[in-house]
Every structure is written in C-alpha cells, then in structure tokens.
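Novice: Encoded as structure tokens, here's the structure I'll be asking about.
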Amino acid sequence: MHCNKQTGIFCMFLFLLSCSTDNKELSKINIWHQMHYENRNVLREVCDEYENQHPDIKINLTYRETEELRTNFQSSAMGGSGPELIYGPSDQVGPFATMGIIQPLESLFEESFFRQFVDNAVVHYKGHKWMVGDVVGNHLMLLYNKQMLSSPPLNTDELIKMGKQLTLDLDSDGKIDQY
Numbered sequence: 008m009h010c011n012k013q014t015g016i017f018c019m020f021l022f023l024l025s026c027s028t029d030n031k032e033l034s035k036i037n038i039w040h041q042m043h044y045e046n047r048n049v050l051r052e053v054c055d056e057y058e059n060q061h062p063d064i065k066i067n068l069t070y071r072e073t074e075e076l077r078t079n080f081q082s083s084a085m086g087g088s089g090p091e092l093i094y095g096p097s098d099q100v101g102p103f104a105t106m107g108i109i110q111p112l113e114s115l116f117e118e119s120f121f122r123q124f125v126d127n128a129v130v131h132y133k134g135h136k137w138m139v140g141d142v143v144g145n146h147l148m149l150l151y152n153k154q155m156l157s158s159p160p161l162n163t164d165e166l167i168k169m170g171k172q173l174t175l176d177l178d179s180d181g182k183i184d185q186y
C-alpha cells in the first residue's frame, strides 16, 4: 500500500506540469513546488524512491510561494532556463500555455495514462492536456450554527431571508450584535 501510494503520488505530482526544455538527456530534474510543509517529507520520499529506481537522475526540490513560483517561472522559462517541472495552481495553465513555456502532456503520455484519473483532474486548455491535479477543485463551504438554525438554507433566497432574520441588535444600542 505504501509503495502504491508513493507511486501514485509521484505520478500525479511529478508529471503535473511538464515544462518546455530542449535537453533530452536530463541527469537532474529541478522541481519548484508549493507543497505544504507537512507533505514535503512524502514528496522527498517519493523522489528518493524514483532516484533509487533511476540512479542516473537526481531530483532537486525547491519550495516557492505562489506568486514567487509564478513570476520566477515565467521569467526563467522565457529566458530559456528554470525548472523541468513545477507543482502549482491550475489557474496558471492558460497563461503559461499561451506564453509557450509549458508543453502539453499528451506529447509525453499515451491516452491510457489519463484514463486512470477522474475527468476533472486533467486540465484541458485549447484542445490539449496540460496538467493532472493531485488536489482537484477549490472547495468552498457554507457552515451554519446548529444552535441558531435547526436546518441549513436550501437555496440563496432562504439564505438571505434567514440572514436578515438572524441579524439582530440584541442590546438595543443601535448597533448590530449578531449577524
């Protein structure tokens, strides 16, 4: 299970976004990533396992914050350098593809590779596959206080109505105390 999990994470992570390069015989793979601190050890373990299976390849990991990753990658790639792979948000696929600083994944993988992922994990843009997400979506939630509501609203009209009913000036001082 541990090995399969690592292999799965490695495949989904390492090949998330393949960057343009003319160097066909890499002896090292530079990866810029945004992996949360608590997950970085797993990433290093997966890369170590890959290096053990491919002793002629060394993987260098470099952490970068979101904006630093985006701007540094754009500058580096436009100048012909930068990492071979990046782990970052999918909303950069469009600009990076338009700039020509990433390459479509179908140039690296057979169609069967993509079938192992749920449809919305594979990022499509202008007819090409550019990224496979290991975390899919930006899931927003609406929470409610069960002491104040017996059940949550079923639609936005109910949400607005309940919000107005629960917005109160509890001490009659002219200021809202409860929203």
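In short: position in the sequence shown from 1, add 7, done, that's the numbering used here.
Each residue gets a CB set at the ideal place from its N, CA and C atoms; glycine is no exception.
Look at the Cβ atom of Gly95, then the Cβ atom of Leu76, and state whether they are nearer than 9 Å.
Specialist: yes
Novice: Quick one: measure Cβ to Cβ for Leu156 and Met169, integer angstroms, because I've assumed they're closer than 8 Å.
Specialist: 7 Å
Novice: Leaving out the 5 sequence neighbours to the left and right, which residues in its chain are closer than 8 Å to Lys182 when beta-carbon positions are compared?
Specialist: Asp176
Novice: Going by DSSP, what residues sit across from Asn127 in a beta bridge?
Specialist: None; Asn127 has no bridge partner.
Novice: Rounding to the nearest angstrom, what Cα-Cα distance links Ala135 and Val125 in this structure?
Specialist: Checking the sequence shown, residue 135 turns out to be His, not Ala. Near 16 Å, if we compare the C-alpha coordinates of Val125 and His135.
Novice: Looking only at its own chain, which residues have a Cβ that is under 7 Å from the Cβ of Asn127, when we skip the five neighbours before and after it?
Specialist: Val143
Novice: Find the nearest neighbour of Ile55 within the set Met85, Ile66, Val139, Thr78, judged by alpha-carbon distance.
Specialist: The displayed chain sequence assigns Asp, not Ile, to residue 55. Cα-wise, what sits closest to Asp55 is Ile66.
Novice: Secondary structure at Thr28, three-state DSSP: helix, strand or coil?
Specialist: Model confidence at Thr28 stands at a pLDDT of 47, short of 50, so the residue's coordinates are unreliable and nothing is read from them.
Novice: Go to Leu50, then tell me how far its alpha helix (DSSP H) extends in each direction, as first and last residue.
Specialist: 47-60
Novice: Got a sec, what are the start and stop residues for the beta strand (DSSP E) Lys35 sits in?
Specialist: 35-40
Novice: In the DSSP output, what is Tyr69 paired with across the bridge?
Specialist: The amino acid at residue 69 is misidentified as Tyr; the sequence shows Thr. Trp39.
Novice: Give the C-beta separation of Ile38 and Leu92 to the nearest angstrom, bearing in mind that I take them to be a contact with Cβ-Cβ under 8 Å.
Specialist: 5 Å
Novice: By how many angstroms is the C-alpha of Gln41 removed from the C-alpha of Tyr70?
Specialist: 6 Å
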